[in-house]
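A.B. asks:
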DNA sequence: CGTGGCTTTGTAAGCGCTTTCAATGGTGAA
DNA sequence: TTCACCATTGAAAGCGCTTACAAAGCCACG
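Residue numbers (the numbering used here), protein chains in the order written: chain A, 1 to 353; chain B, 1 to 353.
Laid out in structure tokens, this is it:
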């Protein structure tokens, strides 16, 4: 029972197959040519001994981990899971492993990221404080981040989408719009607020200051309370994401406020709940999965050296019109929403399949 | 620019700090005692050279990867993300890395799992075909699986919860209950159906055969259509999970069927949407995050040898009563549900904090 | 039969760390 | 001043692979 870890090595296999370890290695990697007969001998030995190679030894010898790192700030909501799924799927396709670090959980002072850098060929990073990762000297891809000279960045269209969404509300005749979310919290929120501002300027209006709120449901509740109490005044809310929008909307509805008649509410992300609530939540859909896949793809090419100069990739988003913005529709179980694709100013270089 | 990967090694640091590599190693690991002055010299050298150690070399020397593997069948819905979050958080706490494999994406014939086994100390597995992982000879923890002699299993209470939930519906006077989901698809679904059956037997009733349906929303739509068409008859639906329940309910509602009056619907998982829809979805909440954390914890102890005999851990669930089962409540934004904790027959050995 | 030129296989030198064991130097007691 | 004894540091042997490079077969050919 107290076997040493990894008792069966390539030497055991070689001995069993009566060949040298070099030959075993060659068979396993399928690299250079090996006679069919010896090849079979080796494979048999591998089977019989239940040989599992040591990735560490291989990585050391090859100077490559065949593993990509992904750093996410958290894992709440469908956004990150979707991103991760895209990343993993593409990585698997490229035969690379995936190591995940959730930065928020970092109790040990950046330890986890440092440890990560130790076992991967490159890191895809989504979050704040890029420096932490940059210092590792690993190949790097930034997700949903601001441009950084010499660094590959992948993001989605935010400004034009938010502008369009806001314009839509304005076109409904709404006059007192509020942006809910913290532009300083994340780069994409900043961009969404930017779009919000631009849409106002388009009409010569003065946009209100953002109502700062983190992205959790409880924060939405709080904002709703302020609205109900009259502490905040608005006839339309542009929320930084769907969780926030849904929480606010639910609380408002519960207090007898009519959404969208009294207040219109729109979000961002198009989470599952958005199409199940009444009224359906008008929001913006992003190709999150594609973002993840693209990140893995770019990172891999950075690592293997087959990448061109670092680029900024902006994937397109689309406005999803449901009822919460004030559009009236025949109620149905899952209303087919109207879609407004948002063209990207710097069109994506890489398209999803 | 074309630096060889990992040009700066422990040797460079040693040279720069004018000490031996042994000393550098000692400083970095904080293992044995080193004079404060040399310690500082080393740390400075590390800083200046931006030294990032090679995890591969370390793993090889230590014969330990300090990494735990997690295999999930997919990443859809909040269930897996939550599980993963719990796993990652606990692993980080234990200073272990996390490698993730999504089995469904395995285009390359089990390749990914085999590759995973070469780079981790142990694997937590959720899915079908356990043998694939078992063959690797790695330490193993099974999640939401049937018991397997000699293997650590972590799951949640399903039978008693489903029995209670079904009984609740029966107590509402419902007589033609249908179970929606495929008991053969996953072990926990099988257990839920078992609870469904038991509740019927408790009252001397004969349970209906399960309505087979995978767990996607589209499958729910299909079931709803059959109900509407009269192809299927029921006054209450016990669904294998919330996605299914929500999809069915939405379709039913859209077709003018009154839920819960005409048909009651209950689910399993307590996803976010469950508390936003009207009527609120009655469902069962599982401590998914704890399951993930427990898996990481057990796996770690298995790896480090500090584990007792393999156990089966069953974490408790609780029935969450909202409106879709037929209970009438004053409507409010986020109705505080009634909770029915389900005691576990084999109480959990390890409690979440 | 001896040779040259392939193809297949083996030898051995790392890859960058950890860790045991030995060497070194500083300290206090005698 | 000398010596024993620690505390600190260094030397070197792996860890289990990959991969030049060399050796050994094998064949056809002269």
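Don't be surprised by glycine CBs; every beta carbon is placed ideally from N, CA and C.
In this text, all values refer to a predicted model and were calculated from it rather than measured experimentally.
Can a CB atom of chain A be found closer than 8 Å to the CB of residue 59 of chain B?
C.D. replies: Residue 59 of chain B sits at position 59 when you count from the first residue of the second chain. Using a Cβ-Cβ cut-off of 8 Å, residue 59 of chain B counts as an interface residue toward chain A, since at least one Cβ of chain A sits closer than that to its own.
A.B. asks: Listing by chain order, which chain A residues have their CB less than 8 Å from the CB of residue 102 of chain B?
C.D. replies: Working through the second chain from its first residue, we reach residue 102 of chain B at position 102. What residue 102 of chain B touches in chain A: 85, 88, 89, 92.
A.B. asks: Can you round the beta-carbon distance between residue 273 of chain A and residue 161 of chain A to whole angstroms, since I take them to be within the 8 Å contact cut?
C.D. replies: Translated into positions along the first chain, residue 273 of chain A becomes position 273. Translated into positions along the first chain, residue 161 of chain A becomes position 161. The beta carbons of residue 273 of chain A and residue 161 of chain A sit about 20 Å from each other, so the pair does not count as a contact at 8 Å.
A.B. asks: Quick one: complete alpha helix (DSSP H) runs, 4+ long, within the region 268-339 of chain A?
C.D. replies: 288-303
A.B. asks: I need the straight-line Cα distance from residue 110 of chain B to residue 133 of chain B, nearest angstrom please.
C.D. replies: Within the second chain, the letter at position 110 stands for residue 110 of chain B. Within the second chain, the letter at position 133 stands for residue 133 of chain B. The alpha-carbon atoms of residue 110 of chain B and residue 133 of chain B are separated by roughly 9 Å.
A.B. asks: If you count every other CB in all the chains shown that lies within 10 Å of the CB of residue 313 of chain A, and 16 or more means buried, which is it?
C.D. replies: For the purposes of this step, residue 313 of chain A is taken as the residue at position 313 of the first chain. Classification for residue 313 of chain A: buried.
A.B. asks: Residues of chain B with CB closer than 8 Å to the CB of residue 356 of chain A, please, in chain order.
C.D. replies: Outside the shown range of chain A, which is 1 to 353, sits residue 356 of chain A, and nothing can be said about it.
A.B. asks: Per DSSP, which one or two residues make a beta bridge with residue 139 of chain A?
C.D. replies: Indexing the first chain from 1 puts residue 139 of chain A at position 139. In DSSP, residue 139 of chain A forms a bridge with A:122.
A.B. asks: So what does residue 102 of chain A bridge to, in DSSP terms?
C.D. replies: Position 102 of the first chain holds residue 102 of chain A. In DSSP, residue 102 of chain A forms a bridge with A:72.
A.B. asks: Buried or exposed for residue 11 of chain B, please, with buried defined as at least 16 other CB atoms from any protein chain shown within 10 angstroms of its CB.
C.D. replies: Residue 11 of chain B sits at position 11 when you count from the first residue of the second chain. Its Cβ having fewer than 16 others within 10 Å, residue 11 of chain B is exposed.
A.B. asks: Taking three-plus beta-carbon pairs below 8 Å as touching, is the region 178-198 of chain A in contact with the region 151-160 of chain A?
C.D. replies: yes
A.B. asks: Consult DSSP for residue 181 of chain B and reduce its assignment to one of helix, strand or coil.
C.D. replies: Locating residue 181 of chain B in the second chain gives position 181, where the first residue counts as 1. DSSP places residue 181 of chain B in coil when its eight states are reduced to three.
A.B. asks: Output the distance between the C-alpha atoms of residue 99 of chain B and residue 91 of chain A, rounded to the nearest integer angstrom.
C.D. replies: Counted from its first residue, the second chain places residue 99 of chain B at position 99. Counted from its first residue, the first chain places residue 91 of chain A at position 91. Answer to the nearest angstrom: the Cα atoms are 12 Å apart.
A.B. asks: Considering only the beta carbon of each residue, do residue 122 of chain A and residue 294 of chain A sit closer than 8 Å?
C.D. replies: Locating residue 122 of chain A in the first chain gives position 122, where the first residue counts as 1. Locating residue 294 of chain A in the first chain gives position 294, where the first residue counts as 1. No, these two residues do not count as a Cβ contact at 8 Å.
A.B. asks: Counting only the same chain and skipping the five closest in sequence on each side, list residues whose C-beta sits under 6 Å from that of residue 8 of chain A.
C.D. replies: Taking the first residue of the first chain as position 1, residue 8 of chain A is located at position 8. If we look at residue 8 of chain A and ignore the five residues flanking it on each side, its Cβ neighbours are 49, 51.
A.B. asks: How do the region 227-246 of chain A and the region 262-280 of chain A stand: do at least 3 beta-carbon pairs fall below 8 Å, yes or no?
C.D. replies: yes
A.B. asks: Identify each residue in the region 154-183 of chain B for which the Cβ-Cβ distance to at least one residue of chain A is less than 8 Å, and report them in chain order.
C.D. replies: none
A.B. asks: Among the residues of its own chain, which have a CB less than 6 Å from the CB of residue 159 of chain A, if the five just before and after it don't count?
C.D. replies: One-based indexing of the first chain puts residue 159 of chain A at position 159. Correct list, in chain order: 191, 194, 195.
A.B. asks: Does residue 236 of chain B come out as helix, strand or coil in the three-state DSSP assignment?
C.D. replies: Position 236 of the second chain, counted from the first residue, corresponds to residue 236 of chain B. Reduced to three states, the DSSP call for residue 236 of chain B is strand.
A.B. asks: Run through chain A and tell me which residues come within less than 8 Å of residue 98 of chain B, C-beta to C-beta.
C.D. replies: In the second chain, counting from the first residue as 1, residue 98 of chain B sits at position 98. Under the 8 Å cutoff, chain A gives 99, 100, 101.
A.B. asks: Quick test of the definition: if touching needs 3 or more C-beta pairs under 8 Å, does the region 74-84 of chain B touch the region 67-85 of chain A?
C.D. replies: yes
A.B. asks: Run the CB neighbour count on residue 328 of chain A, radius 10 Å, all protein chains shown included, and call it buried at 16 or more, exposed below.
C.D. replies: Reading the first chain from its first residue, position 328 is the one you call residue 328 of chain A. It is exposed - the Cβ of residue 328 of chain A has fewer than 16 other Cβ atoms within 10 Å.
A.B. asks: Does residue 280 of chain B have its Cβ less than 8 Å from a Cβ in chain A?
C.D. replies: Counting from 1 along the second chain, the entry for residue 280 of chain B is found at position 280. Cβ-Cβ to chain A under 8 Å: no for residue 280 of chain B.
A.B. asks: Are the region 177-186 of chain A and the region 233-242 of chain A touching by the rule of at least three beta carbon pairs closer than 8 Å?
C.D. replies: yes
A.B. asks: For residue 124 of chain B, count neighbouring C-beta atoms within 10 Å of its own C-beta (all shown protein chains included) and say buried if the count is 16 or more, exposed if not.
C.D. replies: As a working note, residue 124 of chain B is residue 124 in the second chain. Residue 124 of chain B is buried by the Cβ-count criterion.
A.B. asks: What distance in whole Å lies between the Cβ atoms of residue 137 of chain B and residue 71 of chain B, which are believed to be in contact at a cut-off of 8 Å?
C.D. replies: Working through the second chain from its first residue, we reach residue 71 of chain B at position 71. Working through the second chain from its first residue, we reach residue 137 of chain B at position 137. About 15 Å; that fails the 8 Å criterion.
A.B. asks: Helix, strand or coil for residue 32 of chain A per DSSP?
C.D. replies: Here residue 32 of chain A is taken as the residue at index 32 of the first chain, counted from 1. Of the three classes helix, strand and coil, the one that applies to residue 32 of chain A here is coil, per DSSP.
A.B. asks: Residue 56 of chain B to residue 65 of chain B, Cα distance in whole Å?
C.D. replies: Taking the second chain and counting its residues from 1, one reaches residue 56 of chain B at position 56. Taking the second chain and counting its residues from 1, one reaches residue 65 of chain B at position 65. In a straight line, the C-alpha of residue 56 of chain B is about 8 Å away from that of residue 65 of chain B.
A.B. asks: Does any residue of chain A bring its CB to less than 8 Å from the CB of residue 328 of chain B?
C.D. replies: Working through the second chain from its first residue, we reach residue 328 of chain B at position 328. Chain A, which has no Cβ nearer than 8 Å to the Cβ of residue 328 of chain B, makes this no.
A.B. asks: Based on the DSSP output, what are the partners of residue 264 of chain A in its beta bridges?
C.D. replies: As a working note, residue 264 of chain A is residue 264 in the first chain. Looking at the DSSP assignment, residue 264 of chain A forms a beta bridge with A:236.
A.B. asks: Check the DSSP bridge columns for residue 154 of chain A and list the partner residues they point to.
C.D. replies: By one-based count along the first chain, residue 154 of chain A stands at place 154. Assignment of beta-bridge partners to residue 154 of chain A by DSSP yields A:143, A:313.
A.B. asks: Please report how far the alpha carbon of residue 212 of chain A lies from the alpha carbon of residue 206 of chain A, in whole angstroms.
C.D. replies: For the purposes of this step, residue 212 of chain A is taken as residue 212 along the first chain, with counting starting at 1. For the purposes of this step, residue 206 of chain A is taken as residue 206 along the first chain, with counting starting at 1. Near 18 Å, if we compare the C-alpha coordinates of residue 206 of chain A and residue 212 of chain A.
A.B. asks: In angstroms, rounded to a whole number, what distance separates the CA positions of residue 96 of chain A and residue 116 of chain B?
C.D. replies: Residue 96 of chain A sits at position 96 when you count from the first residue of the first chain. Residue 116 of chain B sits at position 116 when you count from the first residue of the second chain. Distance between the alpha carbons of residue 96 of chain A and residue 116 of chain B: 10 Å.
A.B. asks: Using a Cβ cut-off of 8 Å, which residues of the region 40-72 of chain B contact any Cβ in chain A, in chain order?
C.D. replies: 50, 52, 53, 54, 55, 56, 57, 58, 59, 60, 63, 64, 65, 66, 67
A.B. asks: Quick one: residues in its chain with C-beta nearer than 7 Å to the C-beta of residue 330 of chain A, no 5 flanking neighbours on either side, listed in chain order?
C.D. replies: Your numbering for residue 330 of chain A matches position 330 in the first chain. Any answer about residue 330 of chain A is weak, because its pLDDT of 43 lies below 50 and its placement is not dependable; what the coordinates show is given next. Around residue 330 of chain A: no qualifying Cβ.
A.B. asks: Any residues in the region 126-149 of chain A with a beta carbon nearer than 8 Å to a beta carbon of chain B? Which ones, in chain order?
C.D. replies: 135, 136, 137, 138
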